Structure formats: structure tokens, C-alpha cells
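Undergrad:
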Amino acid sequence: MTYTSLPPGVSPPLAEDNENNHAGLVIIFASVCLFLILSSLGMRIYATSKRSVILSDDYLLSVAVGVAVTQTSVVLYQAHLGWGKSHDLLDASRTATMEKTAYASDLLYITILGFSKCCTSVFYEHLSTLTSRWITRGLLGLSIVWTFISILLVAIRCSHHPWEDINHVCGSLLSHWAAIAILDIILEVLLLVYPVKLIYRVRLRRSRKLAVLSILGCRGILIPLAVLHYISVHQQIASDDPTLVGAYATVIEELHLSISILLLTLSSVKLFLATYEDDDGLAYTNDASRGRSQPRSRSRKTLTFSRATTTRPWDNMEEPILYNSDRVIMKAVQIEVTSEVMEMQDRNRYSGIIPEGDA
1 MTYTSLPPGV
11 SPPLAEDNEN
21 NHAGLVIIFA
31 SVCLFLILSS
41 LGMRIYATSK
51 RSVILSDDYL
61 LSVAVGVAVT
71 QTSVVLYQAH
81 LGWGKSHDLL
91 DASRTATMEK
101 TAYASDLLYI
111 TILGFSKCCT
121 SVFYEHLSTL
131 TSRWITRGLL
141 GLSIVWTFIS
151 ILLVAIRCSH
161 HPWEDINHVC
171 GSLLSHWAAI
181 AILDIILEVL
191 LLVYPVKLIY
201 RVRLRRSRKL
211 AVLSILGCRG
221 ILIPLAVLHY
231 ISVHQQIASD
241 DPTLVGAYAT
251 VIEELHLSIS
261 ILLLTLSSVK
271 LFLATYEDDD
281 GLAYTNDASR
291 GRSQPRSRSR
301 KTLTFSRATT
311 TRPWDNMEEP
321 ILYNSDRVIM
331 KAVQIEVTSE
341 VMEMQDRNRY
351 SGIIPEGDA
């Protein structure tokens, strides 16, 4: 049925998906991905309110969500202007604006992936020991370098109007996207390998180690998405109708960036918190086994780990503190009062028994 044969009073759909027009497909996926992005922010806000501490990766996630919402809005406007339609259906007066929005959405897409990598690196730093933080800072540096290089590769094309270079007329365009994809995959592999080393040294049962690794390993889904995005971009560049075929690249692009944002909330899922925190949102630490609490400074960046001042055989190993002594988990509560952080012992220590030295 064509739109000219619709019954009286029935309006044609706002968008459609057929062999000559995929704008409806772009709009549907962009809308779903926008929901995933906003849901990720909501989950992270809820988790942050429960632990009552805002970490640096929380700020990065907020910025990434803001950029992602902007990018999705640009894609929706891009589809409104005609992206996803065959060149025969395009409005010539809107073509230039559509190409500029497509160019802007690609740049924002790379920026969001960069924020996701940086946020993951900062999160790993919270879980790392002082002696191994150079690795996480190296990952953070590589993420920043990848972001800038990728933005330059996307921005610089063949002509003085780079937004017009969307097909095989620009010979270097495909090689730019290939370099971006290869570097992206290499960096994602590094972000997947590091948690294995990190969790291996933590004193946990094997089942809990596997649980944590399975959560952190979910980031591996970004690798096939990066490959699919490159394949779809290759098809767009090789096509004689890039605005039509490019709709599939845009769909993969939206899935890629929304899932990269969603994966940043995995540190807030119950299975992960069950390993690193108790029901009150407090970290498992071995500080509570000390005989007397001592004041000390504490970085706002580190919520879940702290170091013991008593001497144990493994203290020099500088491991994350997840200590289980005779299957009893001790905990320490840290409070900030007038810019000074003080530690209090576990409430079990104050169950009514007063040490003789204090009587």
C-alpha cells in the first residue's frame, strides 16, 4: 500500500523502513539507545547515593552521558534531514546540513568511546594498589591519546569541506576508519587483560573471582561492535548511495556508544558489590583488626580499599585489601568531620566488652 492510497484522515507514518528509506530504522535504534544511556545515568546516580561518596569516574560518566545525549539528538536530527534515504529522495536544500550533522555525529561518537575508556581506566585505578597504579594511569594515557588521534582521523578528510567526503571519492577515508578500529580493538584488549591480573592477586574464593571477572569481561562485547562498525562504514564508503547504506553504520554506531556507556554501570551491580562491599555499602578491609584506630588522611578517590598499619606477613605485597580471617569479614567505617578523616572500629568491637587498658 502506498501513502496515496491511505484511507481519508489517516496520515502517513513519521518515518519508514524500506529498500529506499531506512530513516525509520535509524530513529528507532537512536531512541532505544537514548533510553539505555539515560538508564545508565539513573543506575549510577542510585548507586552513588547508596555509597554516599562521589568518585572521579562518576564525574566522567556524567560528562560521557551528556555528550552521548547530544550525539543521539544530532543523529535524530540527521535522520529528520534525510539520512537513511536514497539520494533520489533527498531534499537538495537540506543535503548540506544533513552531511554536516553526520560529520558532527561521527566526531561525538569517537569522543564518547574515548570517555568510556577513560572512565574504565579510572575505575580500575580505584581497585588497584599503589604499586600497580602506573598501569592504570598508562591505560588512561593511552585512552586519551587514542581519543585525540581518532578525532583527528575522522575530522581530516580529503577536501576543505570534510563533511562532504562520505564515499569512495575520498580515498583515505576508509584507511582512517581502519586505523581507528584497529587501535580501538588493541586498547579494548588491554582493558580486558588488566582486570585478570588485578583480580588474580585478590584473596577471594575462586567462584567470586570468576564472578567479578565475568562482570568486567562484559566489556569484550565492544570488540565485535567495533568490527561491525568498520564493516558497515566500509559498505557505506563503497556504495554509490552512501546516505542510504550509511544508515546501517549509524545504527551500529548508536549501539556501540550506548553499550559502552551502559557497561560503565557494571561496577554498581549487586554481584560486584557483594564481592567488594557489605550490605551497608562499606568496603571489606583488614583495618578493623587493629588494636586502636589512628587518624589519617584519605583520598576521596579511593572508597573501597585502605591500607593497614599493623604488620602482617603479606603487608609488603601492596594488595587490594579483601581480607577474610577465619571466614569473618571485618570492616572499617570512615567519617569525615571538619575536613579530617577519622576511622572507627567495627561496631562488633563495641559490643559491651571494654579492654582492661581502657577501664
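Numbering follows the UniProt record's numbering, with no gaps: position 142 of the sequence shown is 142. Glycine included, each C-beta is placed from N, C-alpha and C at the ideal position. Source: prediction; values computed, not measured.
Should Leu60 and Val154 be called a contact, given that it needs their Cβ atoms to be closer than 8 angstroms?
TA: no
Undergrad: Let me check understanding here. Comparing Cα to Cα, which of Leu130, Thr111, Ala211, Glu99 lies closest to Gly246?
TA: Glu99
Undergrad: Out of curiosity, what's the CA-to-CA distance linking Thr243 and Cys118?
TA: The alpha-carbon atoms of Thr243 and Cys118 are separated by roughly 32 angstroms.
Undergrad: Spatial neighbours of Asp57 within its chain, please: CB distance less than 6 angstroms, with the 5 preceding and 5 following residues excluded, ordered by chain position.
TA: Cys119, Val122, Phe123
Undergrad: Can you give the beta carbon distance from Asp241 to His87, rounded, assuming they're within the 8 angstroms contact cut?
TA: Contact holds; Cβ gap of about 6 angstroms.
Undergrad: Which residues in the same chain have their Cβ closer than 6 angstroms to the Cβ of Phe29, if we skip the five residues on either side of it in sequence?
TA: Val251, Glu254
Undergrad: Around the Cβ of Lys85, are there at least 16 other Cβ atoms within 10 angstroms (buried) or fewer (exposed)?
TA: buried
Undergrad: Please confirm whether Ile37 and Ser207 have their CB atoms less than 8 angstroms apart.
TA: no
Undergrad: Can you grab the Cα-Cα spacing for the pair Ala47 / Ile261, in whole Å?
TA: 15 angstroms
Undergrad: Give me, in chain order, the residues of the same chain whose beta-carbon lies closer than 7 angstroms to that of His168; leave out the 5 immediate sequence neighbours on both sides.
TA: Ile237, Ala238
Undergrad: Do you know how far the Cα of Ala226 is from the Cα of Ile185?
TA: 7 angstroms
Undergrad: Out of Thr111, Ile231, Val63, Leu76, state which residue places its alpha-carbon closest to the alpha-carbon of His22.
TA: Leu76
Undergrad: Taking C-beta to C-beta, are Leu263 and Arg203 nearer than 8 angstroms?
TA: Their beta carbons are not under 8 angstroms apart, which means Leu263 does not touch Arg203 by this criterion.
Undergrad: Answer yes or no: do Gly24 and Ala15 have a C-beta to C-beta separation smaller than 8 angstroms?
TA: yes
Undergrad: Going by DSSP, what residue range makes up the alpha helix (DSSP H) through Leu81?
TA: 56 to 81
Undergrad: Taking all protein chains shown into account, decide if Thr111 is buried (16 or more other Cβ within 10 angstroms of its Cβ) or exposed.
TA: Taking every protein chain shown into account, the CB of Thr111 has 16 or more other CB atoms within 10 angstroms, so this residue is buried.
Undergrad: Along the chain, where does the alpha helix (DSSP H) containing Gly114 start, and where does it finish?
TA: 92 to 127
Undergrad: Is it buried or exposed, Pro13, if we count other Cβ atoms within 10 angstroms and call 16 or more buried?
TA: exposed
Undergrad: So Ser150 and Ile180 are supposed to be a Cβ contact under 8 angstroms. How far apart are they, rounded?
TA: 5 angstroms
Undergrad: Suppose contacts are defined by Cβ-Cβ distances below 8 angstroms. Is Leu187 in contact with Trp146 by that definition?
TA: yes
Undergrad: Find out if the Cβ-Cβ distance for the pair Gln71, Leu108 is shorter than 8 angstroms.
TA: yes
Undergrad: Measuring CA to CA, which of Ile221, Leu222, Lys197 is closest to Leu210?
TA: If we check each option's Cα against that of Leu210, Lys197 comes out closest.
Undergrad: By a C-beta neighbour count over all protein chains shown, 10 Å radius and 16 as the cutoff for buried, is His161 buried or exposed?
TA: exposed
Undergrad: Between which two residues does the alpha helix (DSSP H) holding Ile27 run?
TA: 23 to 51
Undergrad: Relative to the C-alpha of Leu140, which candidate in Leu130, Leu89, Glu164, Phe115 has its C-alpha closest?
TA: Phe115
Undergrad: Would you say Gln235 touches the ligand ZN, meaning its beta carbon is less than 7 angstroms from a heavy atom?
TA: Here there are no bound small molecules, and the ligand ZN is not part of this structure.
Undergrad: Could you please give me the residues that DSSP links to Lys85 through a beta bridge?
TA: Asn21
Undergrad: Kindly give me the distance between the Cβ atoms of Val74 and Ser105, rounded to whole angstroms, as I take these residues to be in contact under 8 angstroms.
TA: 5 angstroms
Undergrad: Tell me whether the beta-carbon of Tyr103 lies closer than 8 angstroms to the beta-carbon of Trp163.
TA: yes
Undergrad: Would you kindly work out how many angstroms separate the C-alpha atoms of Leu152 and Ser11, rounded to a whole number?
TA: 44 angstroms
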